[in-house]
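Peer 1: Right, I'll just put the structure down here and ask away after.
2 protein chains.
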Amino acid sequence: MTSQAFETHDHHSCIADGVAAAAQICNERSLQFTPTRQRVLEILLSEHKAMGAYEILDVLRAEGLGSQPPVAYRALDFLTRHGLAHRIERLNAFIACSHLDNPHAPVFLICRSCNRVVEAESDPGKGEIGRAARQAGFVIERAVREAEGLCPDCAEAA
Amino acid sequence: MTSQAFETHDHHSCIADGVAAAAQICNERSLQFTPTRQRVLEILLSEHKAMGAYEILDVLRAEGLGSQPPVAYRALDFLTRHGLAHRIERLNAFIACSHLDNPHAPVFLICRSCNRVVEAESDPGKGEIGRAARQAGFVIERAVREAEGLCPDCAEAA
DNA sequence: GTTGATACGTTATAGTATACCGACTATGCG
DNA sequence: CGCATAGTCGGTATACTATAACGTATCAAC
Ligand SMILES: [Zn+2]
Ligand SMILES: [Zn+2]
Ligand SMILES: [Zn+2]
Ligand SMILES: [Zn+2]
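Taken in sequence, the protein lines are chains U and Z. Heads up: take any position in the first sequence, counting from 1, add 2, and you land on this note's numbering. Heads up: take any position in the second sequence, counting from 1, add 2, and you land on this note's numbering.
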């Protein structure tokens, strides 16, 4: 399990690399990485925080890429269906995937103070959820794992 | 970690016992277990499935206990703040706590076919989320752990 | 060129949640 | 008791989130 954690990094390459990786994945899988879909991914990549659909829609609207909710939701649906972005249930919001390389069951750490969100990977079947499921004979298809709290910076400031 | 799992059980006592336990907790903590709050808990206990706020409000309305959204949301806020009920983020819905006895970090198993929801307990700091958090220096205040899939009955039927 | 699959743009509506106001009530204290 | 405070309540209005549905456009396959 790795995580870029909350440390500073070369953020400019985050966007470029993320879009490039997504484009390659779409190419490999014969998916249409249309302008709106790419732009939404760029918007999500532009900050390491979760964004609401309407927040994204505001940007699209300002750029003439569409002004109605379905435009944003359709792009987000595409991105999440193919693992290029994730939905954060706790926030009713979305974030670009930061582990495009391999299939994964994401764990999210959400700072309630600075709103940054970090995605960590981890083995799906393991852990508490997997144990509870096995014990109950439950077949997991999707797991939501989100922790809300304070990132190192904000915890120190408090 | 225990779970009543998806097995059948004496459901009548679920409601009575749940309300009694909640009443005692409120008494101990000097909380006001008002009629509306109690009724909402009863409604939640009446089925082992998550209910939306408006679904609950429909029942309250039919009984003359209030007809506007804040009535339901206030009661649900009280119940969740004091651990008598939990919010299921994945469903935007609520469910009565089935482990009123001890403080716990719940794990939910949500059957997408029959809509039953089972609450399992588990140690908070442990597991994948805890590990990811420690590694990132993140301070967890609340954890959302919800698995969606098929319960034993529905998995067998499929 | 017709067909089928996918994506797009738009309208309208459904579903979820909260801000706020004014009234009432429980509680504690002088 | 009289009063202050905090908690509760019912209601209006509004904000926020999400989807249904319809017609059109595009592209590749046959
Ligand atoms: Zn990811
Ligand atoms: Zn922070
Ligand atoms: Zn519980
Ligand atoms: Zn089931």
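Glycine included, C-beta positions come from ideal geometry on N, C-alpha and C.
Can you tell me the Cα-Cα spacing of residue 132 of chain U and residue 108 of chain U, whole angstroms?
Peer 2: Their backbone Cα atoms lie some 14 Å apart in a straight line.
Peer 1: Going along the chain, which residues of the region 101-126 of chain U sit with their C-beta nearer than 8 Å to a C-beta in chain Z?
Peer 2: Correct list: 109, 111, 113, 114, 120, 122, 124 and 125.
Peer 1: Residues of chain Z with CB closer than 8 Å to the CB of residue 152 of chain U, please, in chain order.
Peer 2: Residues of chain Z passing the Cβ test: 140, 141 and 143.
Peer 1: Please classify residue 134 of chain U: does DSSP put it in a helix, a strand, or coil?
Peer 2: Helix at residue 134 of chain U.
Peer 1: Roughly how many angstroms separate the alpha carbons of residue 104 of chain Z and residue 46 of chain Z, rounded to a whole number?
Peer 2: Approximately 19 Å between the Cα atoms of the pair.
Peer 1: Assuming residue 150 of chain U and residue 92 of chain U make a contact with CB atoms under 8 Å, what is their CB distance in whole Å?
Peer 2: The Cβ separation is near 6 Å, so the contact holds.
Peer 1: Closer than 5 Å from C-beta to any heavy atom of ligand 2: which residues, in chain order?
Peer 2: Residues with a Cβ closer than 5 Å to any heavy atom of ligand 2, in chain order: U/113, U/115, U/116, U/153 and U/156.
Peer 1: Confirm the yes/no value for this check: CB of residue 106 of chain U, any heavy atom of ligand 1, distance under 8 Å.
Peer 2: Correct: residue 106 of chain U has its Cβ closer than 8 Å to ligand 1.
Peer 1: May I ask which residues mark the beginning and end of the alpha helix (DSSP H) holding residue 76 of chain U?
Peer 2: 71-83 is the span of the alpha helix (DSSP H), which, as asked, contains residue 76 of chain U.
Peer 1: Taking 8 Å as the line, does the beta carbon of residue 132 of chain U fall inside it for any heavy atom of ligand 1?
Peer 2: No.
Peer 1: Check this for me: beta carbons of residue 99 of chain Z and residue 86 of chain Z, under 9 Å apart or not?
Peer 2: Yes, the Cβ-Cβ distance between residue 99 of chain Z and residue 86 of chain Z is below 9 Å.
Peer 1: Using a threshold of 8 Å, is the CB atom of residue 102 of chain Z nearer than that to any non-hydrogen atom of ligand 3?
Peer 2: Yes, the beta carbon of residue 102 of chain Z sits closer than 8 Å to at least one heavy atom of ligand 3.
Peer 1: Does any residue of chain U bring its CB to less than 9 Å from the CB of residue 65 of chain Z?
Peer 2: Output row for residue 65 of chain Z: interface = no.
Peer 1: Output the distance between the C-alpha atoms of residue 2 of chain U and residue 114 of chain Z, rounded to the nearest integer angstrom.
Peer 2: Chain U is shown from 3 up to 160; residue 2 of chain U falls before or after that span and cannot be answered.
Peer 1: Mind pulling the chain Z residues with CB within less than 9 Å of residue 98 of chain U?
Peer 2: None at all; the shortest Cβ gap to chain Z is about 18 Å.
Peer 1: Return yes when at least one heavy atom of ligand 1 lies under 8 Å from the C-beta of residue 99 of chain U, else no.
Peer 2: Yes, since a heavy atom of ligand 1 falls inside the 8 Å radius drawn around the Cβ of residue 99 of chain U.
Peer 1: Closer than 7 Å, Cβ to any Cβ of chain Z: which residues of the region 38-59 of chain U, in chain order?
Peer 2: Listed by position along the chain: nothing, the set is empty.
Peer 1: Between residue 96 of chain U and residue 88 of chain U, which are expected to be in contact by the criterion C-beta below 8 Å, what is the C-beta distance as a whole number of angstroms?
Peer 2: Right, their Cβ atoms sit about 7 Å apart.
Peer 1: Chain Z beta carbons: is any one of them nearer than 9 Å to that of residue 83 of chain U?
Peer 2: No, because no Cβ of chain Z sits closer than 9 Å to the Cβ of residue 83 of chain U.
Peer 1: With DSSP collapsed to three states, give me the class of residue 113 of chain Z.
Peer 2: Strand at residue 113 of chain Z.
Peer 1: Is the CB of residue 74 of chain U under 9 Å away from at least one CB in chain Z?
Peer 2: False, the Cβ-Cβ gap to chain Z never drops below 9 Å.
Peer 1: Rounded to the nearest angstrom, what separates residue 24 of chain Z and residue 135 of chain U at their Cα positions?
Peer 2: Approximately 27 Å, taken between the alpha carbons.
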